[in-house]
Amino acid sequence: MLPIALQLYSIRETLAQDFEAGIRKVAAMGYAGVETAGFAGTTAAAASQLFAELGLRVCSAHAPLPVGDDKNKVLDDLAALGCHRLISAYLPPEQYQTLDGVKQACDRFNEANAVAVENGLSFGVHNHWWEFQPVAGHYPYHLWLERLDPAIFFEIDTYWVKTAGLDPLAVVGEFGERAPLLHIKDGPATTDEPMLAVGSGVMDIPGVVRAGSGHTEWLIVELDRCATDMLAAVEQSYHYLVQEGLGHGQNG
Numbered sequence: 087m088l089p090i091a092l093q094l095y096s097i098r099e100t101l102a103q104d105f106e107a108g109i110r111k112v113a114a115m116g117y118a119g120v121e122t123a124g125f126a127g128t129t130a131a132a133a134s135q136l137f138a139e140l141g142l143r144v145c146s147a148h149a150p151l152p153v154g155d156d157k158n159k160v161l162d163d164l165a166a167l168g169c170h171r172l173i174s175a176y177l178p179p180e181q182y183q184t185l186d187g188v189k190q191a192c193d194r195f196n197e198a199n200a201v202a203v204e205n206g207l208s209f210g211v212h213n214h215w216w217e218f219q220p221v222a223g224h225y226p227y228h229l230w231l232e233r234l235d236p237a238i239f240f241e242i243d244t245y246w247v248k249t250a251g252l253d254p255l256a257v258v259g260e261f262g263e264r265a266p267l268l269h270i271k272d273g274p275a276t277t278d279e280p281m282l283a284v285g286s287g288v289m290d291i292p293g294v295v296r297a298g299s300g301h302t303e304w305l306i307v308e309l310d311r312c313a314t315d316m317l318a319a320v321e322q323s324y325h326y327l328v329q330e331g332l333g334h335g336q337n338g
């Protein structure tokens, strides 16, 4: 079974009120790790100490591209976390409306990867639905696979793949060993409706996990927004994955 982490963006409102209390709740739920997305009201170094105290591994970190004015802070934060996986979580949909825009995105990612590798990090890309919708007869994610440095890994958000109208099982299989991380979420698979606890929506979660067998290293629960209480939903999501024999927490 695979370790289960929580993308902390899911509980951003809780963390903004009291970062330490929120993280302690995540650890109490049983999660094996976390994926960071900023450090509301604290620092990467302080967060790292808290994670270590609670036995939470940092599987990866969402951060700005490590270029320009952001470069030093991003690299310093990753070093403070002791985390080697840096992920670009977002480029806006406007970037993917033309083939030239997609190619420019690839160039930016390759530039970021060169900086990451130079500093002992692995660089990865996370998707939304717009990279899986055709542009001028091409799927942007196919250009990712063709044009990005082979060292760049992918964190496949399986929910957004389905929202785009593609089969997430097939896509996970297509990326293969280049996708060591999977974002696991559930809901109606539309762009405008809130999500649900994992196991409560239209996603074939067991099928997604099987599709990544042999390649996936972490299952990462993320709910961008939720139709129910967020803390209850992320706890329910964790327990679903454990009870279905798909993943494990701190205690194996």
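Numbering (this note's numbering), first residue to last: 87 to 338. Backbone N, C-alpha and C fix where the C-beta goes; we use that ideal spot for every residue, glycine too.
Nearest-angstrom Cβ-Cβ length linking isoleucine 90 and histidine 334, presumed shorter than 8 Å = Numbered from 1 along the sequence shown, position 4 holds the residue referred to as residue 90. Numbered from 1 along the sequence shown, position 248 holds the residue referred to as residue 334. Indeed they touch by this definition, with Cβ atoms about 7 Å apart.
Using three-state DSSP, classify tryptophan 304 as helix, strand or coil.
-> What you label residue 304 is simply residue 218 of the sequence shown in a count that begins at 1. Residue state, collapsed to three classes: strand.
So which of Val320, Ala131 and Leu185 has the shortest CA-CA distance to alanine 283?
-> Reading the sequence shown from its first residue, position 197 is the one you call residue 283. Ranking Val320, Ala131 and Leu185 by Cα distance to alanine 283 puts Val320 first.
Quick one: Cα of leucine 172 to Cα of serine 286, how far?
-> Taking the sequence shown and counting its residues from 1, one reaches residue 172 at position 86. Taking the sequence shown and counting its residues from 1, one reaches residue 286 at position 200. Going from the Cα of leucine 172 to the Cα of serine 286 covers about 30 Å.
So who's on the other strand from histidine 212, going by DSSP bridges?
-> Residue 212 sits at position 126 when you count from the first residue of the sequence shown. The partner list for histidine 212 (beta bridge, DSSP) reads Glu241.
Within 10 angstroms of its Cβ, does threonine 277 collect 16 or more other Cβ (buried), or is it exposed?
-> As a first step, residue 277 is located in the sequence shown; it is residue number 191 there, counting from the start. Burial call: exposed.
Return yes when the Cβ of valine 257 is within less than 8 Å of the Cβ of proline 274, no when it is not.
-> What you label residue 274 is simply residue 188 of the sequence shown in a count that begins at 1. What you label residue 257 is simply residue 171 of the sequence shown in a count that begins at 1. No, the pair does not count as a contact, with Cβ atoms beyond the cut-off.
What do you reckon, are the CB atoms on alanine 147 and leucine 136 nearer than 8 Å?
-> In the sequence shown, the residue the question calls residue 147 occupies position 61. In the sequence shown, the residue the question calls residue 136 occupies position 50. Going by C-beta atoms, alanine 147 is not nearer than 8 Å to leucine 136.
So histidine 269 is in the beta strand (DSSP E); what residue range does that whole segment cover?
-> Position 183 of the sequence shown, counted from the start, is the residue given in the question as residue 269. It spans 267-270 - the beta strand (DSSP E) in which histidine 269 sits, taken as one unbroken run.
What is the residue span of the alpha helix (DSSP H) that leucine 92 lies within?
-> One-based indexing of the sequence shown puts residue 92 at position 6. Element bounds for leucine 92: not the alpha helix (DSSP H) but the beta strand (DSSP E), 88-93.
Ordered along the chain, which non-local residues of its own chain (more than five positions away) have a Cβ less than 6 Å from that of leucine 101?
-> In the sequence shown, the residue the question calls residue 101 occupies position 15. Excluding residues within five positions, the ones whose Cβ falls inside 6 Å are Gly108 and Ala126.
State the start and end residues of the unbroken beta strand (DSSP E) segment that holds histidine 148.
-> To locate residue 148, count along the sequence shown from 1; it is residue 62. Unbroken beta strand (DSSP E) run through histidine 148: 143-148.
How would you call glutamine 103, buried or exposed, if buried means at least 16 neighbouring beta carbons within 10 angstroms?
-> The sequence position of residue 103 within the sequence shown is 17, counting from 1. Exposed, by the Cβ-count rule.
Glutamate 121, enclosing beta strand (DSSP E) - first and last residue = Locating residue 121 in the sequence shown gives position 35, counting from the first residue. Glutamate 121 -> beta strand (DSSP E) spans 119-122.
Span separating the alpha-carbon of glycine 141 from that of glutamine 336 = As a working mapping, residue 141 is identified with position 55 in the sequence shown. As a working mapping, residue 336 is identified with position 250 in the sequence shown. When rounded, the distance between both Cα atoms is 7 Å.
Can you tell me where the beta strand (DSSP E) with arginine 171 in it begins and where it stops?
-> In the sequence shown, residue 171 corresponds to position 85, counting from 1. Unbroken beta strand (DSSP E) run through arginine 171: 171-174.
Could you tell me whether the Cβ atoms of alanine 118 and arginine 98 are closer together than 8 Å?
-> Taking the sequence shown and counting its residues from 1, the one referred to as residue 118 is at position 32. Taking the sequence shown and counting its residues from 1, the one referred to as residue 98 is at position 12. No. Outside cutoff.
Check whether the Cβ atoms of tryptophan 215 and leucine 267 sit closer than 8 Å, and answer yes or no.
-> For this step, residue 215 is matched to residue 129 along the sequence shown. For this step, residue 267 is matched to residue 181 along the sequence shown. Cβ distance not < 8 Å, so tryptophan 215 and leucine 267 don't count as in contact.
With which residues is histidine 334 paired in a DSSP beta bridge?
-> As a first step, residue 334 is located in the sequence shown; it is residue number 248 there, counting from the start. DSSP output for histidine 334 lists Pro89 as bridge partner(s).
Residues in its own chain within less than 6 Å of proline 254 by CB, not counting five upstream and five downstream?
-> Translated into positions along the sequence shown, residue 254 becomes position 168. Only Thr244, Val247, Lys248 and Val294 meet the Cβ criterion.
CA-CA distance, histidine 228 and glutamate 217?
-> The residue given as residue 228 occupies position 142 in the sequence shown. The residue given as residue 217 occupies position 131 in the sequence shown. Whole-angstrom Cα-Cα distance: 9 Å.
Considering only residues of the same chain and omitting the five flanking positions on each side of serine 323, which have a CB-CB separation below 6 Å?
-> As a first step, residue 323 is located in the sequence shown; it is residue number 237 there, counting from the start. Closer than 6 Å at the Cβ level, and outside the excluded window around serine 323, lie Ala283, Val284 and Val307.
Boundaries of the alpha helix (DSSP H) in which threonine 100 is found, first to last residue = The sequence position of residue 100 within the sequence shown is 14, counting from 1. Note, threonine 100: alpha helix (DSSP H), 98-103.
Boundaries of the alpha helix (DSSP H) in which glutamine 181 is found, first to last residue = Reading the sequence shown from its first residue, position 95 is the one you call residue 181. Where glutamine 181 is concerned, there is no enclosing alpha helix (DSSP H), given that its DSSP letter is neither H nor E.
With a threshold of 16 other CB atoms inside 10 Å of the CB of threonine 122, please say whether the residue is buried or exposed.
-> Walking along the sequence shown from the start, residue 122 turns up at place 36. Under this definition threonine 122 is a buried residue.
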